[in-house]
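In the working numbering, the protein residues as written are -15 to 236. For glycine and all other residues, C-beta sits at the position ideal for the given N, C-alpha and C.
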Amino acid sequence: MLHAPPVLLIVAHGSRDPRHAATVTALTERVRSLRPGLRVETGYLDFCAPSVHQVLKRLTAEGVQDVVALPLLLTRAFHAKADIPAVLHEASARLPQLSLRQADVLGPSPLLTATLERRLYEAGVRPGDRRSTGVVLASAGSSDPEAIAVIADIAREWRHTGWCAVRPAFASASLPRTADAVRALRAEGVERVAVAPYVIAPGFLPDRIATGAREAGADVLASVLGDAPELARLLLQRYDASRVSRLTALTA
């Protein structure tokens, strides 16, 4: 008899903004559509329901024994390093019959870069515009130096794919802000400036990115990553990698 694959639990931050949960739900549905035999659930750290613990408690009551918790996060900052591990550790203590492991965060990945470009093209950038277009890679921001360095690395590598320039910007905690990055590219003579939000779902900080882009007169403002097919594929990649690493550890 074949064992069911581990349940994929997408761990989202949550937000008071209803657009956040709606986007996470749409992304979850896309992941399910890509792999119909996989059970996919969503739990939130804050603001939204159900909570991670509520989902895990329900799964345990249904007889589920194996869960991969996948942080819906783009960088390894506080939530990935402290917040989510603490929640999962507490759940494991309360539900000892459950095998629970945390997958890696989503970024960096070529699939995220592909998602960013999808959103830019949907917003009006054409492939032939790359050499005359400077891009502001606008993330939520973090006080974690590792997370900030990752964003800078992504911008640097993305620049080498043919864009006129790619500059990082942050909605909080770090500098420069989106508007400042747009103005800096203008000052350098960049013909066209596009802002690419490096965030998954709408909310307060993505709105701040959009406001900065408009105030500084960016030519193009792309949408958040949302439920893009590349992002859904990336979630499944991280899930599969977590399963492989566990099997390797068990057979070593």
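Evaluate Val228 with the Cβ neighbour count: other Cβ atoms within 10 Å of its Cβ, from every protein chain shown; 16 or more gives buried, anything less gives exposed.
For this step, residue 228 is matched to residue 244 along the sequence shown. Classification for Val228: exposed.
In chain order, what residues of the same chain have a beta carbon less than 7 Å from the beta carbon of Ala194, not counting five sequence neighbours either side?
For this step, residue 194 is matched to residue 210 along the sequence shown. Correct list, in chain order: Leu205.
May I ask you to check if the CB of Thr162 is nearer than 7 Å to at least one heavy atom of the ligand HEM?
The ligand HEM is not part of this structure, which contains no ligands at all.
For Ser207, report the span of its beta strand (DSSP E) as first-last.
Here residue 207 refers to the residue found at position 223 when the sequence shown is read from its first residue. Looking at the DSSP string, Ser207 is not in any beta strand (DSSP E), and its letter there is neither H nor E.
Ranges of the beta strand (DSSP E) found wholly within the stretch 137 to 178, counting only runs of at least 3
Fully contained in the stretch 137 to 178 are the following beta strand (DSSP E) runs of length 3 or more, in chain order: 149 to 154.
So Ile193 is in the alpha helix (DSSP H); what residue range does that whole segment cover?
Your numbering for residue 193 matches position 209 in the sequence shown. Ile193 -> alpha helix (DSSP H) spans 188 to 199.
Pull up the distance between the alpha-carbon of Ile135 and that of Leu43, whole angstroms please.
As a working mapping, residue 135 is identified with position 151 in the sequence shown. As a working mapping, residue 43 is identified with position 59 in the sequence shown. Distance between the alpha carbons of Ile135 and Leu43 is about 35 Å.
Helix or strand or just coil, what does DSSP make of Ala233?
Indexing the sequence shown from 1 puts residue 233 at position 249. Bear in mind that the predicted position of Ala233 carries a pLDDT of just 46, short of 50, making it too unreliable to give a figure here.
Contact belief for Val208 with Ala165 at Cβ below 8 Å, rounded distance in angstroms
As a position in the sequence shown, residue 208 is number 224, starting the count at 1. As a position in the sequence shown, residue 165 is number 181, starting the count at 1. About 17 Å separates the two Cβ atoms, so there is no contact after all.
Among all the DSSP beta bridges, which residues are the ones paired with Gln49?
To locate residue 49, count along the sequence shown from 1; it is residue 65. Gln49 is bridged by DSSP to nothing; it lacks a bridge partner.
With Ile(-6) as the anchor, note down where its beta strand (DSSP E) starts and where it stops.
For the purposes of this step, residue -6 is taken as residue 10 along the sequence shown, with counting starting at 1. Its beta strand (DSSP E) spans residues -9 to -4.
Assuming contact is defined by CB atoms lying nearer than 8 Å, are Arg176 and Asp203 in contact in what I supplied?
Translated into positions along the sequence shown, residue 176 becomes position 192. Translated into positions along the sequence shown, residue 203 becomes position 219. The answer is yes: Cβ separation under 8 Å.
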